[in-house]
Amino acid sequence: MAKKNDGLKEMLDKIWPKTKKELEKGIVEAKKMLGKGEKYLKQVSERGVIKTKKLSLGLKKEKLYYDLGKALAKTQASEWPANRKISSLLGQIKNLDQQIRKIK
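To convert, note that position 72 of the sequence shown is 72 in our numbering; the numbers rise steadily by one, no gaps.
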């Protein structure tokens with residue numbers, strides 16, 4: 001039995017250095033792949049945040065258009081230029097439009 005264990009130990013002593021090198025290479029490659037995956041996830045996340053922000057601003061702009069339509073319907077056409085609410089809504093729409101363009 002001692003000879004079987006000695007033979008096994010000798011075989012492991014011969015194989016282990018090569019195996020160790022291969023394991024170390026595998027670990028290095030795994031780290032590289034994880035790094036690439038992390039970068040990709042960050043990019044996808046950033047794009048998602050940008051799209052969400054853009055969508056949110058677009059929805060706010062649509063709401064302002066709706067409010068502007070209601071204000072225009074309630075006000076006589078001759079009073080539109082002097083109406084503060086209409087001017088305010090137009091200013092907000094222009095501001096949101098500029099913000100949306102900056103995101104692109």
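Note that CB positions come from ideal geometry on N, CA and C, so glycine has one too.
In this text the structure is predicted, and so the values were computed from the model without any measurement.
Inset, instruction - Using a threshold of 9 Å, state whether the C-beta atoms of residue 93 and residue 64 are closer than that. - result: Yes, they are a contact pair.
Inset, instruction - Would you mind reading off the limits of the alpha helix (DSSP H) that contains residue 95? - result: DSSP places residue 95 in the uninterrupted alpha helix (DSSP H) bounded by 84–103.
Inset, instruction - Measure the alpha-carbon distance for residue 8 versus residue 21 and round it to whole angstroms. - result: The straight-line gap from Cα to Cα measures roughly 20 Å.
Legend entry - Residues near residue 69 in its chain [Cβ-Cβ closer than 7 Å; skip 5 each side]: Once the five neighbours on either side are set aside, residue 69 has no close Cβ partner at all.
Inset, instruction - For residue 57, I'd like the list of residues in its chain whose CB is within less than 6 Å of its CB, leaving aside the five on either flank, ordered along the chain. - result: Contacts found: 96, 99 and 100.
Inset, instruction - Assign residue 23 to buried or exposed, taking buried as 16 or more other Cβ atoms, counted over all protein chains shown, within 10 Å of its Cβ. - result: Residue 23 comes out exposed.
Legend entry - Coil, strand or helix - residue 43 by DSSP: In this structure, DSSP gives residue 43 a helical state, which the three-state scheme calls helix.
Inset, instruction - Give me the Cβ distance between residue 86 and residue 71, rounded to the nearest whole Å; I'm assuming they're in contact under 8 Å. - result: Right, the Cβ-Cβ distance comes to about 5 Å (below 8 Å), so this counts as a contact.
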